[in-house]
Structures are given as C-alpha cells and as structure tokens.
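Student:
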Amino acid sequence: MSKFFMECGVYAWPLLALTITLIFLSLWRIYCTFLKKGAPGTGHHAILFWGAISAILGILGQCQGLYNAMGAIMRAREVSPNIMAQGYRESLGTTLWGLHLLFFSAIIWFVLQNHEERRRRKLEI
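Note that the sequence shown covers residues 1 to 125 in full-length UniProt numbering.
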C-alpha cells in the first residue's frame, strides 16, 4: 500500500485527506440518519460533492503524471516499452483512487438520499 501511495506523487496527500473526510462524513451521516433518528438534513450531499472533487483531483494527478512522463521521454535518447508502461501505470494510480472514492461516495449518497425520500413520503401521507 505504501508503494501505491508513493507512486501517486504529490496528489497522494490531498487524496488521503479526502478519503479520511469522506469516511468521517459518511459515518456521521449514517449515524445521524439511522441511529440518532434526529432532524432530517441535507448533509449527505456533501458526501457526493467531495467524492466528485476526489475524482477530479485523481484525473488532475493523472494529467500531471503523464506530463512528467512525456518530459522524461523527450529528454531520453532511447526509451524502453517497460519504462513507458511503468510511467503510464503510475499515472493511473491517482485516477483509480479518485474514482474509487467517487464510487464509494455515490453509493453512500444514494442510500441516504433514498432513505430521506422515503421518510418525506411517509410524512406527507
């Protein structure tokens, strides 16, 4: 896991912070919605927002990685396919991480949104 983290470059730290934020927000909204049964809220929309930001940050990390790899390829006289494949592999790490966070946050958001809609329908009747 630490190797994957190091391969993500400078975008690893913001993605890690977003991972922790999403886990905290998700657990808090699940607690407030299902266990505390308090007043309804719209805080679950923040989960989807930060998931989307994670995906965008992941794509930015990929662009930065590809830009750096292309610069290294331009400076080198000869480039083996192995080195190119390794560069592409490393550039995709942030995208994978960001898209996984978006997928996770979308599922949590959908569950909370569905629960909120059912609760509203029940109050209208």
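Each residue gets a CB set at the ideal place from its N, CA and C atoms; glycine is no exception.
To the nearest angstrom, report how far apart S26 and R77 are at their CA atoms.
Tutor: Within the sequence shown, numbered from 1, the residue matching residue 26 stands at position 26. Within the sequence shown, numbered from 1, the residue matching residue 77 stands at position 77. Distance between the alpha carbons of S26 and R77 is about 50 Å.
Student: Tell me, please, whether the region 49-59 touches the region 29-37 by the rule of three or more beta-carbon pairs shorter than 8 Å.
Tutor: Verdict: no, contact absent.
Student: May I ask you to verify whether the region 97-110 touches the region 58-71, counting CB pairs closer than 8 Å and requiring at least 3?
Tutor: Contact holds: three or more Cβ-Cβ distances are below 8 Å.
Student: Quick check: G87 and E7, are their CB atoms within less than 8 Å of each other?
Tutor: Locating residue 87 in the sequence shown gives position 87, counting from the first residue. Locating residue 7 in the sequence shown gives position 7, counting from the first residue. No; because the gap between Cβ atoms is not below 8 Å, this pair is not in contact.
Student: With 16 other CB atoms within 10 Å as the buried threshold, where does E117 fall?
Tutor: Counting from 1 along the sequence shown, the entry for residue 117 is found at position 117. E117 is exposed by the Cβ-count criterion.
Student: Using the Cα positions of I107 and A17, report the straight-line distance between them to the nearest angstrom.
Tutor: The residue you call residue 107 lines up with position 107 of the sequence shown. The residue you call residue 17 lines up with position 17 of the sequence shown. Taking the straight line from one Cα to the other gives about 20 Å.
Student: For E124, does the count of other Cβ atoms within 10 angstroms reach 16, so buried, or fall short, so exposed?
Tutor: Residue mapping note: residue 124 aligns to position 124 of the sequence shown, counting from 1. E124 comes out exposed.
Student: Thinking just about the alpha-carbon of each residue, which of A46, M74, Q64 is nearest to the one in W109?
Tutor: By 1-based counting over the sequence shown, the position of residue 109 is 109. Of A46, M74, Q64, the residue nearest in Cα terms is A46.
Student: Quick one: is Y67 buried, meaning 16 or more other Cβ sit within 10 Å of its Cβ, or exposed?
Tutor: Taking the first residue of the sequence shown as position 1, residue 67 is located at position 67. It counts as exposed.
Student: Can you check which of these residues, G65, I23, N82, I30, is closest to C9 by C-alpha distance?
Tutor: Looking up residue 9 in the sequence shown gives position 9. One point to set straight first is that residue 9 is Gly, not Cys, in the sequence displayed. The option with the nearest alpha carbon to G9 is G65.
Student: Taking DSSP as the reference, what is the three-state secondary structure of R77?
Tutor: Here residue 77 refers to the residue found at position 77 when the sequence shown is read from its first residue. Of the three classes helix, strand and coil, the one that applies to R77 here is coil, per DSSP.
Student: Check whether the Cβ of A85 lies closer than 8 Å to any Cβ atom in chain B.
Tutor: Given the protein chain composition of this structure (a single chain), no chain B is represented.
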